[in-house]
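If you count by mature numbering (1 follows the signal peptide of the UniProt record, and there is no 0), then the sequence shown holds residues -20 to -1, 1 to 675, one letter each, in order.
Notes follow the structure.
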Amino acid sequence: MKKLLSSILLLLTLSTISFAQKVNPAKWTWSLSKPNPEVGETVDVIFTVSIQKDWYLYSSDFDPDLGPTVTTIKFTPNDSYETVGSLKAINPSRKFDKEIWNGEYSYFKGKAEFRQTVKILKDKINIDGAYDSQSCSDVTGMCVPIKGAFLIEAQSAAAKKTDDKKPNLDSLKAIEEAAKLKADSAAVVPTDSVASDSSAVSGDALTASDEEKPEETSLWGFFLLALGGGFVALLTPCVYPLIPMTVSYFTKQKGGLQKALLYGFFIIAIYVLFGTIIAYAFGQAAPNFISTHWIPNMLFFIVFVVFGVSFLGWFEIVLPSSFVNKIDAQSDRGGIGGIFFMAFTLVLVSFSCTGPVAGTILSLGSQGQILRPIIGMFGFGLAFAIPFTLFAIFPNWLQNLPKSGGWMNSVKVILGFLELALALKFLSTADQTYHWHILDREVYLAAWIVIFSLIGLYLLGKIQMPHDSKLDKVSVPRTLLAIVVLTFVVYMIPGMFGAPLKALSGWLPPMETQDFVIGGERGSTETSSNADPNFPKKVKYDEFLKLPLGLHGFFDYKEAVAYAKQVNKPLFIDFTGHGCVNCRKMEAAVWSNPEVKKRIENDYVLVALYVDDKTELPKSEWYKSKDDGLEKTTIGDQNLDFEITRFNGNAQPYYCLVDPNNDSKTLVKPRAYNENIEEFIKFLEDGKAKFNKKK
């Protein structure tokens, strides 16, 4: 019953979106931190945003290339003030999204505040400009661009004293105009809104409780990952042989059980201390820098390569022996202090094997919220403490413990290969962010296929590393593990030819970076336009805008209308966005259906209008919108303004079917995000029937 009610509520919400079209989930207001500042004084322009329940607003302080629309506020320069420093977002929340954006973004819920410091230069103060932001729904995944103009008129304290005794009609008129402008901009906000990032929100896989529970789930998952990493590190040659030695030490003395428990506690505490130092060294702002900037990503890439080749047996990473010996000497003190230094000695002695694993966890943890390194090291340390404690409580279990041997180096070698595979992810992040095109999708996949093939061959004994023992026969567990690894390799191979590999979508570079896709699935107007001999060989903007699934179409409305009239077909208008995850979902789940794709190709002229594209148009094509009074200078701004003024909508995806000879009205009611294939086919059929009836 609960699931049924949830489904009904979701359908009602989507229906409301279709009818209500314009949405205004975030209302902006602005003021000066000091109403009448003196000339020469610095004050803050404070922007306050009231955000509706179940919505959130993207902040201004994360990588603008990540995907979601970063809040920007532009000030129009004049001689009454000058800006000082950059725009500051006041205490936003942060979230790392691995699935869609592969980076951290910041956001506000309930209320947002931005501040820009300005220096006052004249008695009469006139501060104006425009804001551009995006708000998204936790419930529906809808995203709404929020845009508008602001105007602040004020006087310095000295000027106010002079004018206090007489009415200032000009000022009253200005305030009235400002209020009108503010009201207009609020009305514009909704329109601007929904369009571009319906994907951005859903990109985070946001659901009703995404602000709280996904973070909790993420931390829990990271803890389990760290715990697993700790258990794997236990099986390495630097650690595993120490277990029976250490446990026997505690079981042979009085109070050994309590001391073993204390020993385990100190192991956890030492690792948590390392995690805490890393967390506070990075601070709250560092994860965004670490996850997107090329310097930390390249540093991690190099470090992980060093870790990997060390595990493969090229060299050992060891701490200075003098330092280790000094710590070990302290363990002879006895008492609680002695037990602490015993634990510390274990951490140091095992560093050559545990350092790369712990470093991997800390590197991954440093890209999330501040608690991740601490929780990661807690999980890693807990994995170390558990066996020492359990074997001290149940010493008879030691008899069933597998003997040390060459298998421990095999664990180490496999970890080395995995470190090399993981290193590529950091290089890929930098490569995508800065468009180096060093590690495009097929190159990344080729490297992974080679690395995991080597793991499979290693498990089968076909290759050996420097410190391996001779393998006379392959055990059943190694064979089964080899089957799993080589199956994974076979799964990846079709990706070299364009298979989506959905299970790896969070790790792989985007499909658009792949040079070769069987059947042209990546999408390009130039490669697919041969299907129609009348279709132009070159369409506007196709050098940087692409269509999915090998479809051919247009990116400029006027060009599409002219062609639709020529071939006498209705227009299929796709209001979409680069960062629109729901748009990509519709393309993958609905448009890819053969019946849907056939109808789009044969019955319509497709035009994709990107509402978030920042490409600036020639100045001769700029215009001032009748809707919000703002100048539209980019492809995205003009497409969004067109969606708002012509179709009274602002959501993405937003699909409109129109007659090119009379495009003032749609043939049928427009559709938004809905993955029901049968309904989408009916939508296309109804539009076609209505067009044919008019002919």
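Don't be surprised by glycine CBs; every beta carbon is placed ideally from N, CA and C.
Looking at residue 584 and residue 664, is the spacing between their C-beta atoms short of 9 Å? With contacts defined by Cβ atoms closer than 9 Å, residue 664 and residue 584 form a contacting pair.
Thinking residue 63 and residue 32 are a contact (beta carbons under 8 Å), I'd like their distance in whole angstroms, please. The beta-carbon distance between residue 63 and residue 32, rounded to whole angstroms, is 30 Å. This is too long to meet the 8 Å contact definition.
Do residue 8 and residue 90 have their C-beta atoms closer together than 9 Å? No, these two residues do not count as a Cβ contact at 9 Å.
By DSSP, does residue 73 sit in helix, in strand, or in coil? Three-state DSSP puts residue 73 in a strand.
Express the C-alpha separation of residue 653 and residue 61 in angstroms, rounding to a whole number. In a straight line, the C-alpha of residue 61 is about 45 Å away from that of residue 653.
Run through DSSP, which three-state label would residue 30 get? In the structure shown, residue 30 falls within a strand segment according to DSSP collapsed to helix, strand and coil.
DSSP beta-bridge partners for residue 125? Looking at the DSSP assignment, residue 125 forms a beta bridge with 114.
Bridge partners for residue 210 per DSSP, in chain order? Beta-bridge partners assigned by DSSP to residue 210: none are found.
Please classify residue 652: does DSSP put it in a helix, a strand, or coil? The three-state reading of DSSP puts residue 652 in coil, since its state is none of H, G, I, E or B.
Taking all protein chains shown into account, do 16 or more other C-beta atoms lie within 10 angstroms of the C-beta of residue 45, making it buried, or fewer, making it exposed? Residue 45 is classed as exposed because its beta carbon has fewer than 16 other beta carbons within 10 Å across all chains shown.
Integer-rounded CB distance, given that residue 607 should sit under 8 Å from residue 580: About 29 Å separates the two Cβ atoms, so there is no contact after all.
Spatial neighbours of residue 246 in its chain, beta-carbon cut-off 7 Å, leaving aside the 5 residues before and after: Counting only residues of its own chain and dropping the five nearest sequence neighbours on each side, residue 246 has a CB closer than 7 Å to the CB of 319, 320, 323.
C-alpha gap between residue 98 and residue 254, whole angstroms: Each residue's CA atom was taken as its position, placing residue 98 and residue 254 some 42 Å apart.
Residue 410 to residue 593, Cα distance in whole Å? If I take the Cα positions, the gap works out to 22 Å.
Please determine, among 100, 13, 401, 610, the residue with the shortest C-alpha to C-alpha distance to residue 58. Measuring from the Cα of residue 58, the nearest candidate turns out to be 100.
Under the rule that 16 or more other beta-carbon atoms within 10 Å means buried, what is residue 532, buried or exposed? Classification for residue 532: buried.
Enclosing beta strand (DSSP E) for residue 581 [first to last residue]: Here residue 581 belongs to no beta strand (DSSP E); instead the alpha helix (DSSP H) covers 574 to 583.
Let me make sure I understand the geometry here. Which of 528, 639, 621, 356 has the alpha-carbon closest to that of residue 252? Check the Cα spacing between residue 252 and each of 528, 639, 621, 356: the tightest is with 356.
Counting only runs of 4+ residues fully inside the region 588 to 661, write out the alpha helix (DSSP H) ranges in chain order. Correct list: 615 to 627.
May I have the straight-line CA-CA distance separating residue 110 from residue 6, to the nearest angstrom? Rounded to whole angstroms, residue 110 to residue 6 spans 15 Å at the Cα level.
Considering Cα atoms alone, identify which of 41, 525, 582 is closest to residue 556. Looking from the CA of residue 556, the closest CA among 41, 525, 582 belongs to 525.
How far does the alpha helix (DSSP H) with residue 359 in it reach, from first residue to last? Per DSSP, residue 359 belongs to the alpha helix (DSSP H) from 351 to 373.
Answer yes if the region 103 to 117 comes into contact with the region 33 to 43, meaning at least three C-beta pairs across the two stretches below 8 Å, and no otherwise. Contact between the region 33 to 43 and the region 103 to 117 is present, because at least three Cβ pairs lie under 8 Å.
Looking only at its chain, what residues have a beta carbon closer than 7 Å to the beta carbon of residue 168, apart from the 5 residues adjacent to it on each side? Residue placement at residue 168 is poorly supported in this model, since its pLDDT is 36, which falls under 50; the coordinates are not used for a value here.
Between which residues of its own chain and residue 671 is the CB-CB distance below 7 Å, once the five residues before and five after are set aside? Correct list, in chain order: 550, 639, 647.
For residue 667, which three-state DSSP category applies? DSSP places residue 667 in helix when its eight states are reduced to three.
Buried or exposed (CB count within 10 angstroms, at least 16 for buried), residue 669: With fewer than 16 Cβ atoms within 10 Å of its Cβ, residue 669 is classed as exposed.
Cα separation between residue 666 and residue 85? The alpha-carbon atoms of residue 666 and residue 85 are separated by roughly 41 Å.
In angstroms with no decimal places, state the Cα-to-Cα distance between residue 130 and residue 598. Residue 130 and residue 598 have their C-alpha atoms roughly 26 Å apart.
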